[in-house]
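Data first, discussion second: the structure below is written as structure tokens.
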Amino acid sequence: MAVTEPKIETGHGNVVAESPGLQGFLNERDYEALVKCVHCGLCLNECPTYRANGLEPDSPRGRLYLIRAVSEGTLPVSDEVVDHLQLCLVCRACETACPSNVQFGQVMEAARHEILTHHSSRARKVLSWLFFRQLFPHPQRLKRIGQVLRLYQKSPFPRLMAWVLGRHLLPKKLERLALMEQMAPQLSARFFEPATERAPAQGERRYTVGMISGCIMPLAFAETNEATVRVLTANGCDVILPRTQRCCGALAAHSGDGDASADLARANIEAFEAFGFDNLDSIIINAAGCGAQLKNYGHVLQDDPRYAERAARFAAKVEDVSEFLARVGLTAPMGEVSRSVTYQDACHLVHGQKIRAQPRELLLSIPGLDLVEMRDASRCCGSAGIYNIVHPQMSMDVLDAKMENVLATGTDCVVAGNPGCLLQFNLGLKQRGHQPRAVHLVDLLDESIQKGVAAGREQ
Ligand code: SF4
Ligand code: SF4
């Protein structure tokens with residue numbers, strides 16, 4: 008494959024030389040996706056990391072150059088290259104901007120898989136194994152860890168840490184640790200663990216849907232998962248919640264552990280097959296990052312002859328909760344929610360799934376609710392899974408720009424359809440002396456429906 012490449016400065020003095028031919032790193036399919044880039048630069052201004060530091064290697068085009076050069080054997084996989092690739096949020100804003108339809112997320116995940124497998128320290132591999140194979144796939148382990156963390160969060164230690172941090176009493180290295188502690192999610196009072204695998208529709212049944220509970224949602228947003236079940240049943244859905252379902256695998260895939268993510272995809276397909284997923288009207292998810300991953304199961308398992316076709320059928324059933332509700336229409340009575348809110352397009356909803364209108368449509372259907380659009384609502388907030396913990400400085404730089412736009416709306420209530428965004432906005436609000444008021448769309452729908460039902464009873 009003859010290619011003429013422009014040269015690129017890596018930002019650290021290295022120059023990527025011109026050289027054709029695929030030498031490894033990416034497989035043919037991912038390489039084909041990569042070479043669709045025509046270097047037009049239209050994605051640059053949409054990239055949060057490039058906007059933050061202005062470095063070409065921290066832009067989508069620069070990262071694609073680096074991956075291509077490494078794939079063609081003209082650039083070694085140095086620590087600098089790895090740093091530029093790891094600093095990407097995988098927000099996929101570049102995909103929306105790209106006229107050549109470069110599937111950046113697919114290319115980056117393939118590159119990270121290679122980095123994790125062949126170019127990572129033993130410590131990093133052990134951490135990845137611990138998180139993505141021993142923790143996230145096991146709801147009962149997550150539940151037990153949640154019990155311990157809840158005790159810690161109720162103890163005086165977090166307040167003591169905040170006091171010490173506020174007075175700059177910590178050495179620089181420990182300051183980072185303390186910041187990471189601040190970013191850790193405030194856990195729900197209980198773990199989301201439904202008593203039954205089928206929640207019946209209220210009134211006449213219109214649909215039968217499956218629901219994916221997630222891994223972070225049951226731990227940090229159990230109330231939102233409960234609200235999702237209530238909103239769906241109130242709108243005439245039987246909701247199936249298989250107990251054997253697992254984490255969707257998105258966090259593992261973004262971090263480069265494609266094998267762990269494929270195992271989780273197989274487990275979820277089997278969990279829903281036990282309930283005959285072909286007969287379900289939809290498989291619902293309320294977390295944007297998980298939704299984008301679940302819809303990608305066909306790609307994840309395309310080379311597995313036993314699962315490829317089942318994965319494609321499963322993926323075709325997946326819908327974000329906003330996508331489903333806007334499609335079928337709300338039938339439950341709605342009460343007034345007098346609140347002014349702004350809406351953040353979660354990256355993996357707007358860029359990963361092209362869902363932009365439906366959540367706004369649903370918000371506007373809530374009586375009394377005032378929706379104030381912020382500037383650049385579809386720009387990343389800097390959360391990106393565990394990115395804010397791994398790259399706290401860049402994450403905070405991206406959040407700073409975002410919070411300016413949020414506060415300029417005059418509201419301090421941010422609605423988003425992804426747990427990472429909600430945690431990040433609550434942190435941003437707290438850091439600026441506001442009440443943490445980031446809420447999921449279904450929390451507002453649930454509040455409105457509860458009021459509507461109560462008003463109906465009183466009449
Ligand atoms: S995925 Fe986001 S952070 Fe990464 S290169 Fe694309 S726009 Fe930039
Ligand atoms: S917009 Fe697409 S084609 Fe243009 S530089 Fe970015 S990735 Fe390449």
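Take 8 as the starting number for the sequence shown in the numbering used here and just add one per residue.
Glycine is no exception: its CB is placed at the ideal position from the N, C-alpha and C atoms.
Given the structure is predicted, the values throughout are model-derived calculations rather than measurements.
Quick check: what's the CA-CA separation for glycine 28 versus glutamate 79?
Confidence in glycine 28 is poor, its pLDDT being 46 and thus under 50, which makes the residue's placement too unreliable to answer from.
Going by DSSP, what residues sit across from histidine 447 in a beta bridge?
Ala423
Does the beta carbon of histidine 46 fall short of 7 Å from some heavy atom of ligand 2?
yes
Do you know offhand how far glutamate 343's Cα is from glutamate 200's?
Approximately 30 Å, taken between the alpha carbons.
Indicate the three-state DSSP secondary structure (helix, strand or coil) for arginine 197 in the structure shown.
coil
In the DSSP assignment, find the beta strand (DSSP E) that holds serine 289 and state where it starts and stops.
289-292
Count the other CB atoms, across all protein chains shown, that sit within 10 Å of the CB of tyrosine 159; report buried if there are 16 or more and exposed otherwise.
exposed
Here's the rule I'm using: 16 or more other beta-carbon atoms within 10 Å means buried, otherwise exposed. How should asparagine 5 be labelled?
In the structure as shown, the chain starts at 8 and stops at 466, and residue 5 therefore has no counterpart that could be examined.
Confirm the yes/no value for this check: CB of arginine 68, any heavy atom of ligand 2, distance under 7 Å.
yes
Since glycine 69 sits in a beta bridge, which residues does DSSP pair it with?
In DSSP, glycine 69 forms no bridge with anything.
Taking all protein chains shown into account, do 16 or more other C-beta atoms lie within 10 angstroms of the C-beta of leucine 134, making it buried, or fewer, making it exposed?
exposed
At a cut-off of 7 Å, is valine 109 close to ligand 3 when judged by its beta-carbon and the heavy atoms of the ligand?
Ligand 3 is absent from the structure shown, which contains only ligand 1 and ligand 2.
Using the three-state DSSP reduction, which class does valine 325 fall into: helix, strand or coil?
strand
Decide yes or no for the touch test of the region 295-309 against the region 349-356: beta carbon pairs closer than 8 Å, at least 3 of them.
yes
Here's the rule: buried if 16 or more other CB atoms are within 10 angstroms of the residue's CB, otherwise exposed. What is glutamate 233?
buried
Using 10 angstroms around the beta-carbon of glutamine 473, count the other beta-carbons present and answer buried if the total reaches 16, otherwise exposed.
Nothing about residue 473 can be read from this structure; the chain reaches only from 8 to 466.
Tell me, please, which residues DSSP counts as bridged to arginine 470.
Residue 470 is absent from the model: the chain starts at 8 and stops at 466.
For the candidate residues Val216, Arg36, Asp65, Arg148, whose alpha-carbon lies nearest to that of glycine 48?
Asp65
Beta-carbon separation of isoleucine 247 and proline 340 under 8 Å?
no
Given the structure, does leucine 96 come close to ligand 1, in the sense that its CB is under 7 Å from one of the ligand's heavy atoms?
Leucine 96: yes, Cβ under 7 Å from ligand 1.
Can you tell me which residues form a DSSP beta bridge with valine 348?
Leu378
According to DSSP, simplified to helix, strand and coil, what is glutamate 25?
Any reading at glutamate 25 needs caution, since the residue's pLDDT is 39, under 50, leaving its predicted position unreliable; the model's value is listed next. Assigned with DSSP and collapsed to three states, glutamate 25 falls in coil, not helix or strand.
DSSP state of methionine 341, grouped into three classes?
Looking at methionine 341 - three-state DSSP - the assignment turns out to be coil, as it is neither helix nor strand.
What residue ranges within the region 71-157 form continuous alpha helix (DSSP H) runs of no fewer than 4 residues, ordered along the chain?
86-93, 100-104, 111-125, 129-136
Using 7 Å as the cut-off, classify the Cβ of glutamate 116 as near or not near the heavy atoms of ligand 1, replying yes or no.
no
Note down the Cα distance separating valine 421 from leucine 430, rounded to an integer number of angstroms.
11 Å
Can you find the residues in the same chain that come closer than 7 Å, C-beta to C-beta, to histidine 398, ignoring five residues on each side of it along the sequence?
Leu94
Could you tell me if the beta carbon of glutamate 53 falls within a distance shorter than 7 Å of some heavy atom in ligand 1?
yes
When you measure from the CB of arginine 75 to every non-hydrogen atom of ligand 1, does any distance come out below 7 Å?
No - ligand 1 has no heavy atom lying nearer than 7 Å to the Cβ of arginine 75.
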